[in-house]
Amino acid sequence: MLPPVVHSERLAGLAEPDPRNAADLRAIEARLESIVDRVRQCTVGILVGDAQGSGVIVSENGLVLTAGHVVMTPGRKVTVVLSDGKHLEARALGVNAGSDCGAVQIAEGGPFPACKLSDMKTLRAGDWCVATGHPGGFQEGRTPVVRLGRVVELMGGMLQSDCPLLGGDSGGPLFDLNGNVIAIHSRIGARTTLNLHVPVTLFLRDWDRLTTVAVPHNGETESPSMLGIDGQDDPKGARVTMVFPRSPADRAGLETGDIITTFGGQTPDGFKGLQKLISARRPGEVVEVRILRDKTVQQLRATIGARARE
Amino acid sequence: MVFTVFPARVPFVALQLEVRSLTRWLALVAVIAYCVTGLSMPATAGDRRLPESDLKDGARVHEAFREVVSRVNASTVAVLVDGRQIALGVIVSPDGYILTKASDLSDDVQCRIRGNGIVGAKIVGIHSRYDVALLKVDLTGLPAVQWAEGHDPRVGQWLATPGMEDLPVAVGIVSVGRRPIPPEKGALGIQLSDGAPGPKVTHVVPGSAAARAGVQIGDIIVKAGDQRVENPQSFDQLLHKFAPGDSVSVVVRRGGKQLTVRATVGRASGTPQTRGYWMNRMSGRMSHRRAGFPQAIQHDTVLNPEMCGGPVVDLSGKAVGVNIARAGRVETYAVPADTAKLLVRELRGGPAAPIGATAEDKAEAEDAAAKSPGSPRAPRGK
């Protein structure tokens, strides 16, 4: 599915971002008032078990972007609460724990009010931004809470704003004054001006994996799935140079010196290739591993483990 | 040599909310970890970092509000108790009536008024549901505040909180339209198991109201207030009738004897074991009384508690309300202008006010009317 990206002009019709008088403030207010209904309609609450977060609808058929730490596990059932309080069944799609990106698909109803993503091409520090979400969790009778601030800094994987956020806001959207999504709320620091959001560019980089139910992963190279070995390339696959005690590999009976010739039926292209095959599996999955030990072929069964969270 | 100003590692709090921390907060005792993560910040590449002065609440943005607050700051006073500022206040009539926040007042009240220095004030009346007090100073010809007429400020509109200076104390926008703010739920800080002789205490949160009152693990709860406690659920329900700060006597059975302990009810969201508490706490001080208002407008202005009690104005410089509480990291509440005017009228009448449509009655009616709040609606299916 194509991501709903549009080119978004940073000043949104303002002469410049810095207000100098009441007229300049009025111009900012007029922009905000023109988008405020729409951005609230697109803002949702997300109930995941006993925990709550927020999110933003980005397609009419109910694709919701949120923070990775709100959904945690791809494929799990969640509930999406629309801004009018309607509760809908939904399902978590992909999660990137590294960049804190997540996505959810509403499973019933629609079409839904949807917001577009900014291409972020012209966004700069000092631009005005609008945060919505459900701080403290969704509350009956309270519309999504709107806050205004400025982009304080654009770092590689994070955008800082001075829109104050609170627990429950996680996954909610940060908009520019055109009402296009520029980032998703992620973390806060002690000061009310230290609020961190994941830029939508990180969602776009990961779009295919985020919008399908996939193995949880941790960016380009890291997946939580692990076997517990170190190794090196071998012409026949990958050679095991170390087996971590009590690891899934240890329990499966793998030993130092074994050459893994197939992993789940596939021949690994060196040790890197083996890592890729492991990453593509979900923790808990049982995989047939064929090895060459002392020139004899053996078949083992390994249960994929999960790397401990840092 | 230039050093990076931004620290390389800053503790951040992930924002997902354990809702149990609010509703069944005791369950959270086991989940004390509020997920503080160390996050490495990549060095800033190229793009500038916004200076402090340019933040939404920074000096340069405040400067743009100079003309907005140029009149209303003469109607704003500082309210002092024992010589220390505890709130702002708003002059509501030229003959010396001033509306302010009530809960932090004591007998010895003074006001600092532009052009008049510090003068003594007496408390004319207090309206506890809105936590406002009407003060009177012996001055005339004071500049009364101009109230905004007609509708409430819309969500997204700028709001400025004037102080005693030429520039506002802080600025923000309307976050949520007028609605009732439910009272905070009370809590004692114990976990109960259901059983034959009655609900038994299985856990006492350290530092909680129950711990301070001397409740112990193994105690059987017999009564709370003057009502018998049958099971943990009825205890919960009973306790929710008490507001934080209320005193409640609890009869417990311990080793065959019945004891009565007195506890001061705490906040359900108010112990360090809960994440919301911690997040709000680290974001600055809050008003002690900060919930249970019949009607309030929510805005995102970051205010110190002693800056509540004064007017809050829109870009026309007219007061759209009176700041009544700093309630959390993201929320400040204001009593809407029409309600504030009504409260002034009622409190000016003093104890002998005529019986009739008081602000309280109106609030009740509003409460009822607010049962179906005006949420933005999703468009219906085609």
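Chain order of the listed sequences is W and Y.
The opening position of the first sequence corresponds to residue 1 in our numbering, with each subsequent residue numbered one higher.
The opening position of the second sequence corresponds to residue 1001 in our numbering, with each subsequent residue numbered one higher.
Every residue gets a Cβ at the ideal spot worked out from N, C-alpha and C, and that includes glycine.
| Asked | Found |
| --- | --- |
| Status (buried if at least 16 other CB within 10 Å, exposed otherwise) for Q1227(Y) | exposed |
| Cβ shell of I1091(Y) (< 7 Å), same chain only, five flanking positions each side left out | S1075, V1077, I1098, L1142, P1143, A1144 and V1145 |
| Beta-bridge pairing of M1164(Y) - partner residues as DSSP gives them | Partner(s): none; M1164(Y) has no beta bridge. |
| Beta-bridge pairing of D37(W) - partner residues as DSSP gives them | Partner(s): none; D37(W) has no beta bridge. |
| Limits of the beta strand (DSSP E) - the one that P173(W) falls within | P173 to F175 |
| Best match in R1348(Y), R1345(Y), V1335(Y) and K1341(Y) for proximity to D1131(Y) [C-alpha to C-alpha] | V1335(Y) |
| Beta strand (DSSP E) segment containing A1319(Y), residue limits | A1319 to G1328 |
| Candidates R1129(Y), Q1157(Y), H1203(Y) and L1135(Y): closest to L25(W) by CA position | Q1157(Y) |
| Within 8 Å, strictly: CB atoms of L320(W) and V151(W) | Given that chain W is displayed from residue 1 to residue 310, the structure contains no residue 320(W) and the question cannot be resolved. |
| Rounded separation between A1170(Y) and E89(W) - CA only | 41 Å |
| R1285(Y) at chain W interface by Cβ criterion, 8 Å | no |
| For N195(W), the residue or residues it bridges with in DSSP | S161(W) and I188(W) |
| Closer than 8 Å to chain W by CB, L1315(Y) | yes |
| Three-state secondary structure (DSSP) of M155(W) | coil |
| Beta-carbon proximity of E288(W) to R301(W), cut-off 8 Å | yes |
| Stretch pair the stretch 1187-1194 of chain Y + the stretch 1223-1241 of chain Y: three plus CB contacts closer than 8 Å | yes |
| Local conformation of S1287(Y) per DSSP, three classes | coil |
| Test: D208(W) CB closer than 8 Å to a CB of chain Y | no |
| Under 7 Å by beta carbon: chain W residues contacting W1147(Y) | The contacting residues do not exist; W1147(Y) stays about 19 Å from chain W at best. |
| Endpoints, alpha helix (DSSP H) assigned at K276(W) | G270 to S279 |
| Contiguous beta strand (DSSP E) assignments of at least 3 residues, all confined to the stretch 1185-1210 of chain Y | 1190-1193 and 1200-1204 |
| DSSP three-state assignment for C115(W), whether helix, strand or coil | coil |
| Any non-hydrogen atom of the ligand MG within 7 Å of V48(W) CB | What this structure holds is no ligand at all, so the ligand MG is not there to describe. |
| Residue burial classification, Q1233(Y) (beta-carbon count within 10 angstroms, cutoff 16) | exposed |
| Spatial neighbours of G1356(Y) in its chain, beta-carbon cut-off 8 Å, leaving aside the 5 residues before and after | Note that G1356(Y) has pLDDT 40, beneath the 50 cutoff, so the model's placement of it is unreliable and the number below is only indicative. Counting only Cβ-Cβ distances below 8 Å, and skipping sequence neighbours, we find nothing. |
| Secondary structure of F209(W), DSSP reduced to three states | Checking the sequence, you will find Arg at residue 209(W) rather than Phe. Reduced to three states, the DSSP call for R209(W) is helix. |
| Straight-line gap, T262(W) to G98(W) (C-alpha atoms, nearest Å) | 29 Å |
| Of the listed residues I182(W), P135(W) and G305(W), nearest to P4(W) (C-alpha basis) | I182(W) |
| Touching by the beta-carbon criterion (3+ pairs, under 8 Å), the stretch 1194-1202 of chain Y and the stretch 1175-1184 of chain Y | no |
| Contact check, V1415(Y) vs L1259(Y), beta carbons under 8 Å | Residue coverage of chain Y in this structure runs from 1001 to 1382, which leaves residue 1415(Y) outside it and unanswerable. |
| C-beta neighbour in chain Y for G13(W), strict 8 Å | no |
| Alpha carbon of L159(W) to alpha carbon of G237(W), nearest angstrom | 42 Å |
| Proximity of D1107(Y) and P164(W) at Cβ, strictly below 8 Å | no |
| Proximity winner among Q52(W), A103(W) and G49(W), relative to D74(W) (alpha-carbon distances) | Residue identity check: residue 74(W) is Pro in the sequence provided, not Asp. Ranking Q52(W), A103(W) and G49(W) by Cα distance to P74(W) puts A103(W) first. |
| Under 8 Å between C-beta atoms of G168(W) and Q52(W) | yes |
| Through-space distance from R1112(Y) to E1094(Y), alpha-carbon basis | In the sequence on display, residue 1094(Y) carries Pro and not Glu. Taking the straight line joining both Cα atoms gives about 15 Å. |
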